[in-house]
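Presented below is the structure to which this report refers.
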Amino acid sequence: YTNQSTVEAIYVRVTFEATDCYRIVLLDIRVAPLPVLVPPSAEDLLVCDPDGDGFAQFDLEALVEDMVDNGEDLLVTFHETAIDAESGLNPIPNPDNYTNNVAYAQTIYVRVENTVTGCYTSTAYALDLVVVDA
Numbered sequence: 001y002t003n004q005s006t007v008e009a010i011y012v013r014v015t016f017e018a019t020d021c022y023r024i025v026l027l028d029i030r031v032a033p034l035p036v037l038v039p040p041s042a043e044d045l046l047v048c049d050p051d052g053d054g055f056a057q058f059d060l061e062a063l064v065e066d067m068v069d070n071g072e073d074l075l076v077t078f079h080e081t082a083i084d085a086e087s088g089l090n091p092i093p094n095p096d097n098y099t100n101n102v103a104y105a106q107t108i109y110v111r112v113e114n115t116v117t118g119c120y121t122s123t124a125y126a127l128d129l130v131v132v133d134a
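Residue numbers (UniProt numbering): 1 to 134.
Written out as structure tokens, the structure reads:
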């Protein structure tokens with residue numbers, strides 16, 4: 001069955017096989033859209049690296065407001081692996097003060113979940129460091 005609208009009432013027949021008794025019930029279905037994730041600009045993902053060691057601190061939380069485009073009740077988490085982002089496990093514990101652990105560039109995975117419906121979307125972004133000459 002494919003629903004015709006985002007909110008729809010359908011009738012369902014439920015049969016108890018042992019007795020052949022059945023009941024017809026009304027079921028309301030609601031289909032919620034996936035959260036929309038707006039990719040950050042390349043400039044938003046650049047951080048200066050004054051000591052040139054390839055590591056710097058990123059404020060990933062600063063990206064959230066511009067990345068989330070629709071709705072309330074959205075939880076944004078950042079992850080170091082695609083598997084963690086898909087499963088919602090092991091979010092980066094300090095996204096406002098995150099230090100990359102791969103020198104000069106690192107891929108970070110973002111998960112946006114609607115806390116009411118459980119619907120989510122996830123994607124990957126590369127964090128780039130700009131090395132500043134002393």
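Quick reminder that beta carbons are idealized off the backbone N, C-alpha and C, glycines included.
Could you please give the first and the last residue of the uninterrupted beta strand (DSSP E) stretch that includes V38?
-> For this step, residue 38 is matched to residue 38 along the sequence shown. Taken as a continuous stretch (DSSP letters only), V38 belongs to no beta strand (DSSP E), as it is neither H nor E.
Using the C-alpha atoms, what's the distance from V64 back to D133?
-> As a working note, residue 133 is residue 133 in the sequence shown. As a working note, residue 64 is residue 64 in the sequence shown. Note that D133 has pLDDT 49, beneath the 50 cutoff, so the model's placement of it is unreliable and the number below is only indicative. Rounded to whole angstroms, D133 to V64 spans 30 Å at the Cα level.
Given a cut-off of 8 Å, decide if L74 and E113 are closer than it, judged by their beta-carbon atoms.
-> In the sequence shown, residue 113 corresponds to position 113, counting from 1. In the sequence shown, residue 74 corresponds to position 74, counting from 1. Yes, the Cβ-Cβ distance between E113 and L74 is below 8 Å.
Other residues of its chain near A82: CB distance less than 7 Å, five sequence neighbours each side excluded | The sequence position of residue 82 within the sequence shown is 82, counting from 1. Y109 and A124.
Taking the alpha-carbon positions, what's the A103 to E86 distance?
-> In the sequence shown, counting from the first residue as 1, residue 103 sits at position 103. In the sequence shown, counting from the first residue as 1, residue 86 sits at position 86. The alpha-carbon atoms of A103 and E86 are separated by roughly 25 Å.
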